[in-house]
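Trainee:
Numbering (our numbering), first residue to last: 6 to 292.
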């Protein structure tokens, strides 16, 4: 629990610093490149910390928790660096009539070398956390290997069943492959694409609430496809971290450029097909 509490504290610190950086971005125009670099680094760090916290909550993740609680570990060093940034960047409150202090509060307080130093510290320890995250996942996979291997073998056997395959082929008939649209959208990603959406309160609530619904509204070319592809990848990651025996992320893209994707019947067949590929027994209603 102490490891999770430490993670939450650092996550909250990243959110505080990110908010301060956004305030500076609108006023310190001469430093926008540095501000943007710090913001991207810190928001991606927050995403990693959130995922690490999910792993650390697992009762079998003692080794990961121990590494997080180490006094000289990456988490504590990141916390120290973020705290320095928070104190340094926090603009002083200007008393009434004090134009000088008001002007100072709007100036970017970090020099180029200081920004590069902070970025170096954050990126270095972020890489270590990423490695710990990978080891944590591997450790959990090894501890659950027997049951997971058994479940996966059962699913594989079901997929190889002739009747199962016949139904999947029938559902796939004349249906476009949604992964083509998805992969095309992923190729357009740059570092930090959609991070603001993943970190938003609306998406966090939607992703953790059962039977929930979320709607993105925007005109043609506004970026809905790119944002949705980011969300899909994030959901895949979330599912990998959960220890339920079977999880599934299914999706469909309606594209103006591809008439095959504009058919509701094809959409329904694709969703049912992908769900059937994740279960041992195809439901009677599909038969």
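Built from N, CA and C at the ideal position, the CB exists for glycine as well.
All of these numbers come straight from a predicted model, not from anything done at the bench.
In or out: residue 123 buried (at least 16 other Cβ within 10 Å) or exposed?
Mentor: Answer is buried; the Cβ neighbour count reaches 16.
Trainee: Put residue 175 into one of helix, strand or coil per three-state DSSP.
Mentor: Residue 175 falls in the helix class under three-state DSSP.
Trainee: Ignore the nearest five residues each way along the sequence and tell me which others in residue 221's own chain have a CB closer than 8 Å to its CB.
Mentor: For residue 221, where only same-chain residues beyond five positions count, the Cβ hits under 8 Å are 229, 232, 233.
Trainee: Would you call the segment 48-62 and the segment 15-23 in contact, with 3 or more CB pairs under 8 Å?
Mentor: At 8 Å Cβ cutoff, the stretches touch.
Trainee: With a threshold of 16 other CB atoms inside 10 Å of the CB of residue 183, please say whether the residue is buried or exposed.
Mentor: That one is buried.
Trainee: Among 127, 116, 185, 217, whose alpha-carbon lies nearest the alpha-carbon of residue 300?
Mentor: A question about residue 300 goes unanswered here, because the residues of the chain that appear run from 6 up to 292.
Trainee: Just to confirm my understanding: we take residue 25, look at its own chain, exclude 5 residues before and 5 after, and list those with CB closer than 6 Å. What are they?
Mentor: Excluding sequence neighbours, residue 25 sits near 94.
Trainee: With a threshold of 8 Å on Cβ separation, who are the neighbours of residue 240 within its own chain once the five nearest residues in sequence on each side are excluded?
Mentor: Closer than 8 Å at the Cβ level, and outside the excluded window around residue 240, lie 212, 254.
Trainee: Can you give me the Cβ contacts of residue 143 inside the same chain, cut-off strictly under 7 Å, excluding the 5 residues immediately before and after it?
Mentor: Below a pLDDT of 50, predicted positions are generally treated as unreliable, and residue 143, at 48, falls in that range; the measurement from the model is reported next regardless. Contacts found: none.
Trainee: Within its chain, find whatever has a CB closer than 8 Å to the CB of residue 278; leave out the 5 residues flanking it on each side and keep chain order.
Mentor: Counting only Cβ-Cβ distances below 8 Å, and skipping sequence neighbours, we find 173, 176, 177, 180.
Trainee: How far does the alpha helix (DSSP H) with residue 22 in it reach, from first residue to last?
Mentor: It spans 7-30 - the alpha helix (DSSP H) in which residue 22 sits, taken as one unbroken run.
Trainee: Which residue's Cα is closest to the Cα of residue 168: 196, 282, 244?
Mentor: For residue 168, the nearest C-alpha among the options comes from 282.
Trainee: Suppose the cutoff is 8 Å on Cβ atoms and the five residues either side in sequence are ignored; what does the same chain contact list for residue 276 look like?
Mentor: So the list reads 255, 257, once near-sequence residues are dropped.
Trainee: Return the CA-CA distance between residue 108 and residue 116, expressed in angstroms with no decimal places.
Mentor: The predicted model places residue 108 with a pLDDT of 45, which falls under 50 and marks its position as unreliable, so this point remains unresolved.
Trainee: Which word fits residue 32, buried or exposed, when buried means at least 16 other C-beta atoms lie within 10 angstroms of its C-beta?
Mentor: Answer is exposed; the Cβ neighbour count stays below 16.
Trainee: Looking at residue 194: is its Cβ nearer than 9 Å to the Cβ of residue 235?
Mentor: Cβ distance < 9 Å, so residue 194 and residue 235 count as in contact.
Trainee: Excluding sequence positions up to five away, which residues of its chain have a Cβ less than 8 Å from the Cβ of residue 187?
Mentor: The residues are 234, 237, 256, 258.
Trainee: At which residues does the alpha helix (DSSP H) containing residue 203 begin and terminate?
Mentor: Unbroken alpha helix (DSSP H) run through residue 203: 200-203.
Trainee: Hey, quick one: how far does the alpha helix (DSSP H) through residue 217 stretch, first residue to last?
Mentor: First-last for residue 217: undefined, no H or E at that position.
Trainee: Quick one, which of 7, 29, 41 has its alpha-carbon nearest residue 114's?
Mentor: Ranking 7, 29, 41 by Cα distance to residue 114 puts 29 first.
Trainee: Below 7 Å CB to CB, which residues in the same chain sit around residue 198 once its five sequence neighbours on both sides are set aside?
Mentor: Counting only Cβ-Cβ distances below 7 Å, and skipping sequence neighbours, we find 231, 235.
Trainee: Helix, strand or coil for residue 79 per DSSP?
Mentor: It is helical.
Trainee: Between 87, 19, 166, 225, which lies nearest to residue 201 when the distance is taken from Cα to Cα?
Mentor: Nearest of 87, 19, 166, 225 to residue 201, Cα basis: 19.
Trainee: How many angstroms separate the CA atom of residue 43 from the CA atom of residue 264?
Mentor: One C-alpha to the other measures close to 42 Å.
Trainee: Rounded C-beta distance between residue 242 and residue 56? I'm assuming under 8 Å.
Mentor: Contact holds; Cβ gap of about 7 Å.
Trainee: Cα-Cα, which of 224, 207, 227, 225 is closest to residue 299?
Mentor: No answer is possible for residue 299: the residues shown for the chain start at 6 and end at 292.
Trainee: Give me the Cβ distance between residue 133 and residue 79, rounded to the nearest whole Å; I'm assuming they're in contact under 8 Å.
Mentor: With 8 Å as the limit, residue 133 and residue 79 qualify as a contact, their Cβ atoms being about 4 Å apart.
Trainee: Assign residue 211 to one of three DSSP states: helix, strand, or coil.
Mentor: Residue state, collapsed to three classes: helix.
Trainee: Quick one: what's got a C-beta closer than 8 Å to residue 41's C-beta in the same chain, skipping five residues either side?
Mentor: So the qualifying residues of the chain are 30.
Trainee: Relative to the alpha-carbon of residue 62, which residue among 11, 129, 81 has its alpha-carbon at the smallest distance?
Mentor: Ranking 11, 129, 81 by Cα distance to residue 62 puts 11 first.
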